[in-house]
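Chemist: Please find one structure pasted underneath; my questions will follow.
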Amino acid sequence: MDLGSFFYIYFIYPVVDFQYRYNIYNTTAYGLLFFIIFYIFYKFFIEKGKIKIDKDLVISIVLLTIAFMIPRVDMDLLYIPRTYLLLTPILEFWMILAFLPYLFIKNKKYYIYLLIIIILIEIPIFILKDPINVVPLLFLSFLMPFLFYFSNNENFFILSIYGEIYESIFSILSVFLFNLKSEHPLLNLIVYNMNNPLLFYSLKLLLTIITAFYIRYFVKDIKLKNTLYIMLFYLGFLPGIRASLLDLIL
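Numbering (our numbering), first residue to last: -4 to 245.
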C-alpha cells in the first residue's frame, strides 16, 4: 500500500458521505495534533508571557467551544446542511482561527461579550426545532454554574477534573437514555462489550483524578502546571459539550 492509498483509506474515506468513522490511525493523528497545538500554545504564548492563564482565557475557551459545537450539533441533527467544514480536524482549525483575536485584544472582556452574542444568536436555531429533553437539561442547569464558578475563581485543579465529570455524565446519559453510540469504534467496543459504561467512565474519571494530582504535586512550574490543567479539562469538556447538546435534543 502506497502513502496515498493509506491516507485515503484511513483519513479520507472514513468521512466520505459523513460516515464519521474513526480508526486507530486517524484517532491517533487527531490526538497528536491536539497535544501539538497545546505544546505550541504553551511554548510560544504561555511560557513567553504573551498570554496569561486566567479566568478570561478559560471562559473564552469554554464559550468559543460552545459557539462552534452548536452548529456542529445542528449539522448532526440535520438542522443545517451537512458540510465537511464542520468535521474534525477542520472544525478545530476554525476554532484556532477564531481564537486568534484573543491574542491581540487588550480588554479580553470584549472577546467574551462577542462570543456570548454569537451563542445567543445560535441558541434559537438550536432549541426551537424539537422539544428539549428534561433530564439532560436538569444536569446541564446543575453543572454549568459550577463550570463558570471554578473558571471565575481560577481553580484550575478542580476544573481539570470537572471536564471529565462533565463528559462522563452526558456520555452515560447518551448510552442509557438514548442508546447513542460513540463515533469511536474502540470506545463502543469497550463500553458495549463490557456492558457497563458506568465502570468504563469511572475508570476514565479515576485516571483523570490521578493525572490531576500528579500535575499538582510533581509539576513545579506554575505556567506549565496551569497549562496541563487546562489541557486535561479540555480533553473532557470538548467531547462532553457535544454530548450534552445532543442529549438535549435527541
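A virtual CB, placed ideally from N, CA and C, is assigned to each residue, including glycine.
#1: Rank F171, M139 and I120 by C-alpha distance to the C-alpha of I65 and give the top, closest one.
#2: Write down every uninterrupted run of the beta strand (DSSP E) in the region 19 to 76 whose length is 3 residues or greater and which is fully enclosed by it, in chain order.
#3: Helix, strand or coil, according to DSSP, for E159 in the structure here?
#4: Alpha carbon to alpha carbon, how far is F36 from L82?
#5: What do you reckon, are the CB atoms on L198 and T60 nearer than 8 Å?
#6: Could you check whether the Cβ of N18 sits closer than 7 Å to any heavy atom belonging to the ligand NAD?
#7: Hey, quick one: how far does the alpha helix (DSSP H) through E117 stretch, first residue to last?
#8: Does DSSP put T78 in a helix, in a strand, or in coil?
#9: Just mark G44 as buried or exposed, buried being the case when its beta carbon has 16 or more other beta carbons within 10 Å.
#10: Between Y79 and Y212, what straight-line distance do the alpha-carbon atoms span, to the nearest angstrom?
#11: On the criterion of 16 or more Cβ atoms from any shown chain inside 10 Å, does I31 qualify as buried, or is it exposed?
#12: Going along the chain, which residues of its own chain have a beta-carbon closer than 6 Å to the beta-carbon of Y245, five neighbours each way excluded?
#13: Identify which residue in D125, D51 and P140 has its Cα closest to the Cα of L73.
#14: Helix, strand or coil for I127 per DSSP?
#15: Which residues in the same chain as S246 place their Cβ atom closer than 7 Å to its Cβ, once the five residues preceding and following it in sequence are excluded?
#16: Taking only the alpha-carbon atoms, compute the straight-line gap between Y97 and Y196 and give it to the nearest angstrom.
Modeler: The structure says:
#1: I120
#2: none
#3: helix
#4: 22 Å
#5: no
#6: The ligand NAD is not part of the structure shown, which contains no ligands of any sort.
#7: K103 to I122
#8: coil
#9: exposed
#10: 42 Å
#11: exposed
#12: A quick correction: the sequence has Leu, not Tyr, at residue 245. Excluding positions up to five away in sequence, the list reads F173.
#13: D125
#14: coil
#15: Summary: the structure shown does not reach residue 246, with the chain confined to residues -4 through 245, and so no result is reported for it.
#16: 34 Å
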